[in-house]
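Letter by letter, the sequence shown follows residues 1 to 364 in full-length UniProt numbering.
Idealized CB from N, CA, C, for every residue including glycine.
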Amino acid sequence: MAEFLQAVDDRKILHVDLDAFYAQVEMRDNPALKKVPLIIGRDPDLHHGHGVVATANYIARKAGVHSAMGSSEAKRLCPNAVFVAPDFDKYRSVSAQIHEVFAEFTDKVEPVALDEAYLDVSQSPMAGATLAAELRHRIWQETKLTCSVGVSYNKVLAKLGSEHHKPNGVTVIGADVALDFVAALPIKDFRGVGKKSQEKFEKLGIKTGADLRALSQDELRVHFGSFGDQLYWQARATHFGQVKDHRIRQSVGKEGTFEFPLHDRSAVLATFKDLATKVVTNMETKHLVGRTLNIKVRDDDFNTLTRSITQANPFQLDPDFLARKAQSIFDDLYPDDFAIRLLGLTFSNVSPQAFQALSLFDYD
Numbered sequence: 001m002a003e004f005l006q007a008v009d010d011r012k013i014l015h016v017d018l019d020a021f022y023a024q025v026e027m028r029d030n031p032a033l034k035k036v037p038l039i040i041g042r043d044p045d046l047h048h049g050h051g052v053v054a055t056a057n058y059i060a061r062k063a064g065v066h067s068a069m070g071s072s073e074a075k076r077l078c079p080n081a082v083f084v085a086p087d088f089d090k091y092r093s094v095s096a097q098i099h100e101v102f103a104e105f106t107d108k109v110e111p112v113a114l115d116e117a118y119l120d121v122s123q124s125p126m127a128g129a130t131l132a133a134e135l136r137h138r139i140w141q142e143t144k145l146t147c148s149v150g151v152s153y154n155k156v157l158a159k160l161g162s163e164h165h166k167p168n169g170v171t172v173i174g175a176d177v178a179l180d181f182v183a184a185l186p187i188k189d190f191r192g193v194g195k196k197s198q199e200k201f202e203k204l205g206i207k208t209g210a211d212l213r214a215l216s217q218d219e220l221r222v223h224f225g226s227f228g229d230q231l232y233w234q235a236r237a238t239h240f241g242q243v244k245d246h247r248i249r250q251s252v253g254k255e256g257t258f259e260f261p262l263h264d265r266s267a268v269l270a271t272f273k274d275l276a277t278k279v280v281t282n283m284e285t286k287h288l289v290g291r292t293l294n295i296k297v298r299d300d301d302f303n304t305l306t307r308s309i310t311q312a313n314p315f316q317l318d319p320d321f322l323a324r325k326a327q328s329i330f331d332d333l334y335p336d337d338f339a340i341r342l343l344g345l346t347f348s349n350v351s352p353q354a355f356q357a358l359s360l361f362d363y364d
C-alpha cells in the first residue's frame, strides 16, 4: 500500500461537471424559471409529439425526467413542466467563458462536452480540495453557475467524485480511501457499464465493486472480452489515462452584468471600454489576434441579442477603437431608449499572431 500511495501522491486530477448546464443557464437568464420544473427541449404539444429532452432542472428530475428521454414521456411524467428550446449558440458562449476560467488554473484541460472537462492540476502546490473550491468560486464569479467537482489521482475516480455529490459539491477521493470507495460502489456506476452489461452482472451475482474485485482478470475477460481489462483495473481504483489537451481556442471574451439596468449611452461606452481593455490584455498575453468582433446584449426583459463584424485582416488590439466599434453596433440595435442588464465583447476567428503574420505576408 505504501508503494501505491507514493506512486499516485503527486497526481491531482479534477473532473468538473456543470449542474444541469443548459437548464441552469436558462434559469440564470430568466429567474422566473427557477421555481418551476424546466425541461430543455421541444414542447411535444407544439411539435406533433416529437422531441427529446436535452436536460432538465432538478425540480423536473424529481418527477423522473432525464436527458435523452422523449419529450412526450417527459410531459406525461411532469405535465406542468415548462419547455424551453435549446439555444446552443448561447451554451457554447458560456462554455467558452468557463474554459477561460480553466485556463487560469492549468494548460492541461481535456473537454468532454460543453459542460464537462478534466483538468490536470498536478503542477500546483495547493491541495486538490482547495483548488476545486477556488475553481468553483471563479466559475460562479464569471457566470453565476454552479458546478460539481471530483478530485482524485486519476480520471475515472475524479469523475466518480463529481457524480457523488451533486449538485454544487466537491468530493475528494484520495489514495487512502479509493479502494474502499470503489468497493462500495454499485456496479451500475462503473465506467462503461450499460443496461445490457448490468443485466449480465446481475446474473453473475455481481452487485458492487467488492464483488467485481473478487473476479480475476481472466474471468472478466471470459465474460466481457477486452472490456474485462478495464473493469479489472477500475475495481482496483487504477486508471492509466492522461488528461489530453484537445482544446482549440476559438474565442476570447468578457461579459459584464448590472444590478440596475443601464439607460445611458455613455455608460454603455464606458462598459465596452472596460471589457475591451480586459479582452485585449488577455489576447496580448496569449499572443492572439482575431478577425471577428462580437457583442452581446441582454435587456431588462431578458431578450439576448448578438451581433458581429468580420474582416479579412485581424482587428487592431486597441481598447478605444474596439469600444467605439462595439458602441456603433449597439447604437444600430438600440436607436431609441433601452434598459440593459448585460454587455459582452468577444473575439472569435482567433489565431496566433505569428500565424497571422505568415498568412498575410508570405504568398510564395
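{"Check": "Neighbour-count burial assignment, A312, 16 or more Cβ in a 10 Å radius", "Outcome": "exposed"}
{"Check": "Every unbroken alpha helix (DSSP H) inside the segment 116-196 [4 residues or more]", "Outcome": "128-143, 155-164, 178-183"}
{"Check": "Buried versus exposed, by CB contacts within 10 Å (16 or more), G225", "Outcome": "exposed"}
{"Check": "Presumed contact (8 Å Cβ cut-off) between G209 and A235, rounded CB distance", "Outcome": "5 Å"}
{"Check": "Where the alpha helix (DSSP H) containing H99 begins and where it ends", "Outcome": "88-105"}
{"Check": "Residue span of the alpha helix (DSSP H) that contains P319, given as start and end", "Outcome": "319-333"}
{"Check": "7 Å CB neighbourhood of F227 in its chain, flanking five on each side removed", "Outcome": "G192"}
{"Check": "With 16 other Cβ atoms within 10 Å as the buried cut-off, status of H50", "Outcome": "exposed"}
{"Check": "Helix, strand or coil at F260 [DSSP, three-state]", "Outcome": "strand"}
{"Check": "Burial state of S71 (16 or more Cβ within 10 Å)", "Outcome": "buried"}
{"Check": "Coarse secondary structure for H50, derived from DSSP in three states", "Outcome": "coil"}
{"Check": "DSSP three-state assignment for I206, whether helix, strand or coil", "Outcome": "coil"}
{"Check": "Same chain, Cβ closer than 7 Å to D299, five either side skipped, listed in chain order", "Outcome": "F338, A339, I340, R341"}
{"Check": "Segments assigned beta strand (DSSP E), at least 3 residues, entirely inside the segment 250-317", "Outcome": "251-262, 288-299, 304-310"}
{"Check": "Own chain, CB closer than 7 Å to V279, minus 5 neighbours either side, in chain order", "Outcome": "V252, G253, K254, L345, F347"}
{"Check": "D17, enclosing beta strand (DSSP E) - first and last residue", "Outcome": "13-18"}
{"Check": "Contact belief for T292 with T304 at Cβ below 8 Å, rounded distance in angstroms", "Outcome": "In fact, because the Cβ distance is near 18 Å, the residues do not count as touching under 8 Å."}
{"Check": "Alpha carbon of I206 to alpha carbon of L212, nearest angstrom", "Outcome": "6 Å"}
{"Check": "Reduced DSSP secondary structure (H/G/I, E/B, other) of R236", "Outcome": "coil"}
{"Check": "F347, DSSP secondary structure in three states", "Outcome": "strand"}
{"Check": "N154, buried or exposed, once every other Cβ within 10 Å from all chains shown has been counted against 16", "Outcome": "buried"}
{"Check": "Contact belief for L14 with V149 at Cβ below 8 Å, rounded distance in angstroms", "Outcome": "6 Å"}
{"Check": "Cross-strand partners of F83 (DSSP beta bridge)", "Outcome": "I39"}
{"Check": "Cβ-Cβ separation, V151 to A129 (assumed contact under 8 Å), whole Å", "Outcome": "6 Å"}
{"Check": "Nearest residue (CA-CA) to K144, options P31, T281, T285, L269", "Outcome": "P31"}
{"Check": "The beta strand (DSSP E) enclosing V109, as first and last residue numbers", "Outcome": "109-113"}
{"Check": "Of the residues V52, E104, E202, the one placed nearest K75, counting alpha carbons only", "Outcome": "V52"}
{"Check": "Cβ shell of A23 (< 7 Å), same chain only, five flanking positions each side left out", "Outcome": "L38, I40, T55, A56, N57"}
{"Check": "Reference H47, options F83, G64, A20, M27, closest by Cα", "Outcome": "F83"}
{"Check": "Reduced DSSP secondary structure (H/G/I, E/B, other) of Q356", "Outcome": "Because Q356 sits at a pLDDT of 43, beneath the cut-off of 50, its placement in the model cannot be relied upon, and the following sentence gives the value as read from the coordinates. Correct three-state label for Q356: helix."}
{"Check": "Cβ-Cβ separation, L157 to I173 (assumed contact under 8 Å), whole Å", "Outcome": "5 Å"}
{"Check": "Residue environment, L215, which counts as buried when at least 16 other CB atoms sit within 10 Å", "Outcome": "buried"}
{"Check": "Unbroken alpha helix (DSSP H) run spanning H223, endpoints", "Outcome": "217-224"}
{"Check": "Distance, D229 Cα to Q198 Cα", "Outcome": "16 Å"}
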